[in-house]
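Student:
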Amino acid sequence: MACDESAVDVSVEMTMLQWHHIDGGMDNEVSTAAEDGRDDIIEMGHAVREAGWSQVAGWTPGVPGSGRWPPNDERVTVTLTRKQWRFVVRVLDYWEAVSRRTHPAADRRFWPVLREIIVARVGGESA
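Okay, structure coming up:
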């Protein structure tokens, strides 16, 4: 039986600050998708966010006090499927383009570095 390549788990190491960038992008995407009635996007965005909450912050649903984030400079590893990582890249590419239009003077070095880290782990020219 052939393996669905998009369902393969891929672990990516990054700083906590970089994960916060991903989490924030997913939050933006889920909010927009909710307004547009895009349940598929809402589901994927929530799955990505919840993976970080549980894997990095130790969040346990229904457990008060769980879910403490490490310091921004700490290295963390998040495991998502290839499909989820590709979704992350597409979403953050979109929000980066929006940011360029709305904040043209902003520093543009952050996302390309993080994007390169993700694409290197996920494989292929683009995620």
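Quick note on numbering: the numbering used here labels position 122 of the sequence shown as 124, and the sequence is numbered without any gaps.
Don't be surprised by glycine CBs; every beta carbon is placed ideally from N, CA and C.
As the structure is a computational prediction, the values presented were derived from the model and not from experiment.
(1) Which two residues bound the contiguous alpha helix (DSSP H) that contains Arg102?
(2) Using the rule of at least 16 other Cβ atoms within 10 Å of the residue's Cβ for burial, across every protein chain shown, is Phe112 buried or exposed?
(3) Report the residue ranges of all alpha helix (DSSP H) runs contained in full by the stretch 30 to 87; include only those spanning at least 4 residues, in chain order.
(4) Between the Cα of Thr83 and those of Gly54, Ser33, Leu116, spot the shortest distance and give me the residue it belongs to.
(5) Counting Cβ pairs, one atom from each stretch, are 3 or more of them under 8 Å apart for the stretch 115 to 126 and the stretch 84 to 91?
(6) Distance, Cα to Cα, Glu52 vs Trp21?
(7) Could you tell me the boundaries of the beta strand (DSSP E) in which Val121 lies?
Tutor: According to the data block:
(1) Within the sequence shown, numbered from 1, the residue matching residue 102 stands at position 100. First-last of the alpha helix (DSSP H) with Arg102: 84 to 104.
(2) The residue labelled residue 112 in the question sits at position 110 within the sequence shown. Phe112 is exposed by the Cβ-count criterion.
(3) 41 to 57
(4) Walking along the sequence shown from the start, residue 83 turns up at place 81. Checking every option, the nearest Cα to that of Thr83 belongs to Gly54.
(5) Because the criterion of three Cβ pairs below 8 Å is met, the stretch 115 to 126 and the stretch 84 to 91 touch.
(6) Indexing the sequence shown from 1 puts residue 52 at position 50. Indexing the sequence shown from 1 puts residue 21 at position 19. Those two C-alpha atoms are separated by around 12 Å.
(7) If you number the sequence shown from 1, residue 121 lands on position 119. Premise fails: Val121 lies in the alpha helix (DSSP H), 112 to 124, not in any beta strand (DSSP E).
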